[in-house]
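Residue numbers (my numbering): 158 to 244.
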């Protein structure tokens, strides 16, 4: 998968998904609240953008009507690019 430049807010979402695995919008919003407060709709918008970039997939949770989002790739290329930009 080619490297895609991610804005800070999208990178925060991806970092959570890489660490925690699949998550709902509510779970992502609750995790980001202390560092990046945003409305439910804003998180949905970020996830739609990430989906359009091929960075996440979404599927219905087995026991509910909630969608669960999953990171599609490895964090290595993104983290490598971030470190390279710091040098």
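Glycine residues also receive a C-beta, built at the ideal position from the N, C-alpha and C atoms.
Here the structure is a predicted model, which means the values were calculated and not measured.
- Note on geometry: alpha-carbon atoms of residue 222 and residue 162 lie some 31 Å from one another.
- Taking every protein chain shown into account, the CB of residue 217 has fewer than 16 other CB atoms within 10 angstroms, so this residue is exposed.
- Under the rule that a run must span 4 or more residues, the alpha helix (DSSP H) segments found entirely inside the region 165–196 read 165–177, 182–189.
- Where residue 217 is concerned, the enclosing beta strand (DSSP E) starts and stops at 213–217.
- Around the beta-carbon of residue 186, 16 or more other beta-carbon atoms lie within 10 Å, marking it buried.
- Taken atom to atom, the span from the alpha-carbon of residue 171 to that of residue 196 is near 17 Å.
- Beta bridge pairing from DSSP links residue 228 with 213.
- Taking C-beta separations shorter than 7 Å and ignoring five residues to either side along the sequence, the partners of residue 206 in its chain run 167, following chain order.
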